[in-house]
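Residue numbers (this note's numbering), protein chains in the order written: chain A, 17 to 320; chain B, 4 to 372.
Each residue gets a CB set at the ideal place from its N, CA and C atoms; glycine is no exception.
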């Protein structure tokens, strides 16, 4: 392989990895934008989403087949199921705490994360679960670059979901309400916006996106386990911060950047896989030093 | 009311004071294994095997004429939990401990058992990092990383392999194995094309896989555990890597086939002797199956042998005095085992290599060659 071939291959790896990060980062950023909560349970929703997709697929596979169609239907159903789980979590664990000090709700989020993780540990007894999708290994070859259909579909679906979310937030009434609450919750309430309903919608969408990423990861990588949400939750949070937490385009950009940094970091001489996390987190620190609000974050304006 | 309290307190005191007297007609063996956490199944298999051995020893008259009993300390494959478990076992007056599965969790317990002068037989943990930490009371009956590396290099040479990629996860066990392999492989004039480290729990290995396929080594050696190894093997084969894939003994699990699927076909594993590959272990496997309703795990044989060895050492020394027991162990040439004869180097590691080469065939491990 020439340097150029390696470059294009790592570019592709970075885009695929970045799509996962971006999808999960969106949930972090939306929830933070609207309720100013770092939802540390978000990575766990990705994990639960993967298992939900797996369960649904094992029910649906006899009728729809384990191929693309079956996985797509399972993914949509898993998104709905986990979306509602997100709303339930918000109602049970976060809503009573919204007016409490920030630290209390942060700890609640950690607790929810532990409950989901250990709940799944008990259910699966810590075993790996093979996902059971049959997507085939076909693809297109461009020189030494092999792009599988799976990768195309994955990046395409991730892109479509992100575009859909962007349109939802910028064009619909709920989206406008979300943006209004992000600016000033109390004033929005006075203006007649049903704040609780909008927060519920925010959690639903964020959790559904995480579930989409979880199901796709299960189908793409082939197996699930209860701990799979931890690392990606951490990475997605980093992506959200790089892009500017609270900013939706920022989360997409941050996810992509982090994915690319990790792929290229692995290949860079002197960095390598051993130092790739040091490399990408150094970039995070640099971004925060020069632009504390993240790449696309807007500085907070305090009006007197 | 006050009288009732007084009586209760007196009773409790009497029970506490009476305990050593009751305990004296039995000898207690400590078992330190992970019974919770990600490695819990292995730990349970090991504890079962030790208890099976204790049952047989007791049926044959016990040790020094006394019956044996056991108490389990859960190390959770975690350094901090392991220290707690070891302190608890050391304080409970055990005459010896069988245990140690995760090297990283076992290392900090060595000093505790050393200070308490308790003989420790380690059936599984085999990182060479344990050797310099050993205060002199610990005996490793699993071949160490050095032996595994020797076996691996011997196998690679036999297959005409000239260049390898080594991948580990940066923990005590996998890094030790990776570093040793790199050192010895390069010392023999061969080439290491990639030396990669991945995070535990990562799902996407595409960047590492591209780095490896672009260097195209003759073989890839994964030195960490099966869970992430399965994902890596799958992604290597999906991206068209054609060379040999080998894994260390931490990946010797049937679970690997569940995760990697058909990609694990032909994968080579270096493994300590497990019951299914030892013809002489048939009776043990049957007894184990009968008592626990499951097949023995990968470290059950060694745990069973460890318990037999400890009982033999105490009987031979004729006392539970730890200095005498340790002296006996050091000079041991113990053959009443199922995994092969046990004797020790001056470093208190097994004096021979017990590694076998396995190959993935039809979704299960078989003996290679």
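What residues from chain B crowd round residue i, counting only those whose CB sits closer than 7 Å?
i, result
"residue 233 (chain A)", "206"
"residue 26 (chain A)", "210, 213"
"residue 29 (chain A)", "209, 210, 213"
"residue 93 (chain A)", "Near residue 93 (chain A) there are no residues of chain B at all, since even the closest Cβ is about 22 Å away, more than 7 Å."
Starting from the C-beta of residue i, find all residues in its chain whose C-beta is less than 7 Å away, skip the five residues before and the five after it, and write them out in chain order.
i, result
"residue 235 (chain A)", "87, 147, 149, 151"
"residue 177 (chain A)", "39, 225, 228"
Return the chain-ordered list of same chain residues with a C-beta closer than 6 Å to the C-beta of residue i, the five sequence neighbours on each side being excluded.
i, result
"residue 167 (chain A)", "32"
"residue 175 (chain B)", "106, 107, 130, 132"
"residue 220 (chain B)", "166, 167, 168, 196"
"residue 233 (chain B)", "259, 262, 263"
"residue 117 (chain B)", "138, 140"
"residue 271 (chain A)", "34, 37, 38, 41, 255"
Output needed for residue i: all residues of its chain with C-beta closer than 8 Å, excluding positions within five of it in sequence on either side, in chain order.
i, result
"residue 82 (chain B)", "107, 108, 110, 111"
"residue 19 (chain A)", "none"
"residue 370 (chain B)", "280, 359, 360, 361, 362"
"residue 265 (chain A)", "182, 259, 312"
"residue 350 (chain B)", "134, 137"
"residue 266 (chain B)", "236, 237, 239, 240, 241"
"residue 23 (chain A)", "none"
"residue 189 (chain B)", "195"
"residue 31 (chain B)", "71, 72, 73, 74, 95, 96, 97, 98"
At the level of alpha carbons, what is the spacing between residue i and residue j?
i, j, result
"residue 260 (chain A)", "residue 213 (chain A)", "25 Å"
"residue 342 (chain B)", "residue 199 (chain B)", "34 Å"
"residue 205 (chain B)", "residue 327 (chain B)", "48 Å"
"residue 1 (chain B)", "residue 222 (chain B)", "Any answer about residue 1 (chain B) is impossible in this case: the structure gives chain B only from 4 up to 372."
"residue 73 (chain B)", "residue 142 (chain A)", "26 Å"
"residue 307 (chain B)", "residue 62 (chain A)", "42 Å"
"residue 301 (chain B)", "residue 203 (chain B)", "22 Å"
"residue 53 (chain A)", "residue 198 (chain A)", "11 Å"
"residue 358 (chain B)", "residue 227 (chain B)", "16 Å"
"residue 245 (chain B)", "residue 83 (chain A)", "26 Å"
"residue 56 (chain B)", "residue 365 (chain B)", "33 Å"
"residue 95 (chain B)", "residue 86 (chain B)", "14 Å"
"residue 137 (chain B)", "residue 283 (chain A)", "39 Å"
"residue 101 (chain B)", "residue 79 (chain A)", "52 Å"
"residue 252 (chain A)", "residue 164 (chain A)", "24 Å"
"residue 26 (chain B)", "residue 98 (chain B)", "Because the pLDDT of residue 26 (chain B) is 45, which lies under 50, any placement of that residue in the model is unreliable, and the number read from its coordinates should be weighed accordingly. For residue 26 (chain B) and residue 98 (chain B), the distance between alpha carbons rounds to 12 Å."
"residue 151 (chain B)", "residue 277 (chain B)", "15 Å"
"residue 43 (chain B)", "residue 35 (chain B)", "12 Å"
"residue 85 (chain A)", "residue 70 (chain A)", "14 Å"
"residue 131 (chain A)", "residue 287 (chain A)", "37 Å"
"residue 321 (chain A)", "residue 55 (chain A)", "A query on residue 321 (chain A) cannot be resolved here, the shown segment of chain A reaching from 17 to 320 and no further."
"residue 122 (chain A)", "residue 103 (chain B)", "37 Å"
"residue 344 (chain B)", "residue 238 (chain A)", "42 Å"
"residue 323 (chain B)", "residue 317 (chain B)", "6 Å"
"residue 18 (chain B)", "residue 53 (chain B)", "Note that residue 18 (chain B) has pLDDT 49, beneath the 50 cutoff, so the model's placement of it is unreliable and the number below is only indicative. Distance between the alpha carbons of residue 18 (chain B) and residue 53 (chain B) is about 29 Å."
Name the chain A residues whose beta carbon is nearer than 8 Å to that of residue i?
i, result
"residue 353 (chain B)", "In chain order: nothing, as chain A lies at least about 30 Å away."
"residue 264 (chain B)", "146, 238"
"residue 185 (chain B)", "In chain order: nothing, as chain A lies at least about 12 Å away."
"residue 43 (chain B)", "142"
"residue 230 (chain B)", "144, 241"
"residue 261 (chain B)", "144, 146, 239"
"residue 106 (chain B)", "Within chain A, no residue comes near residue 106 (chain B); the closest Cβ sits about 20 Å away, beyond 8 Å."
Using a C-beta to C-beta distance shorter than 9 Å, which residues of chain B count as neighbours of residue i?
i, result
"residue 278 (chain A)", "207, 210"
"residue 153 (chain A)", "241"
"residue 283 (chain A)", "210, 213, 214, 217"
Can you pull the chain A neighbours of residue i, defined as C-beta to C-beta under 9 Å?
i, result
"residue 233 (chain B)", "144, 238, 239"
"residue 3 (chain B)", "Nothing can be reported for residue 3 (chain B): it is not among the residues displayed for chain B, which extend from 4 to 372."
Which residues in chain A have a C-beta closer than 7 Å to the C-beta of residue i? List them in chain order.
i, result
"residue 201 (chain B)", "289"
Taking Cβ-Cβ distances shorter than 8 Å, what residues in chain B pair up with residue i?
i, result
"residue 295 (chain A)", "The premise fails here: residue 295 (chain A) is roughly 12 Å from chain B at the closest Cβ pair, so nothing lies under 8 Å."
Can you pull the chain C residues whose beta carbon is under 7 Å from the beta carbon of residue i, in chain order?
i, result
"residue 258 (chain A)", "No chain C appears in the structure shown, which is made up of the protein chains A and B."
Could I get the ranges of all uninterrupted beta strand (DSSP E) runs contained in the stretch 147–205 of chain B, with 3 residues as the minimum, in chain order? 166–171, 194–200
Along the chain, which unbroken stretches of the alpha helix (DSSP H) at least 4 residues long are found entirely within the stretch 276–310 of chain A? 288–306
Just checking, does the stretch 48–64 of chain A make contact with the stretch 279–299 of chain A on the three C-beta pairs under 8 Å criterion? The stretch 48–64 of chain A vs the stretch 279–299 of chain A: no contact.
Should the stretch 239–248 of chain A be called in touch with the stretch 210–221 of chain B, which here means at least 3 C-beta pairs below 8 Å? no
Between the stretch 257–272 of chain B and the stretch 50–65 of chain B, can you find at least three pairs of beta-carbon atoms closer than 8 Å? no
Count the CB pairs spanning the stretch 116–123 of chain B and the stretch 279–290 of chain B that are closer than 8 Å, and state whether there are at least three. no
Using 8 Å as the threshold, is the stretch 161–179 of chain A in touch with the stretch 29–43 of chain A, meaning 3 or more CB pairs across them? yes
The stretch 146–160 of chain B contacting the stretch 240–256 of chain B, beta-carbon criterion three pairs below 8 Å: Counting Cβ pairs under 8 Å, three or more are found: they touch.
Contained beta strand (DSSP E) runs [length at least 3] in the stretch 221–269 of chain B, N- to C-terminal order: 222–225, 247–250
Which ranges would you report for the alpha helix (DSSP H) in the stretch 102–166 of chain A if only whole runs of at least 4 residues count? 118–140
Restricting to runs no shorter than 4 residues, where is the alpha helix (DSSP H) found entirely within the stretch 60–85 of chain B? As for any alpha helix (DSSP H) of minimum length 4 sitting wholly inside the stretch 60–85 of chain B, there is none.
Ignoring anything shorter than 4 residues or poking outside the stretch 274–316 of chain B, list the alpha helix (DSSP H) runs there in chain order. 285–295
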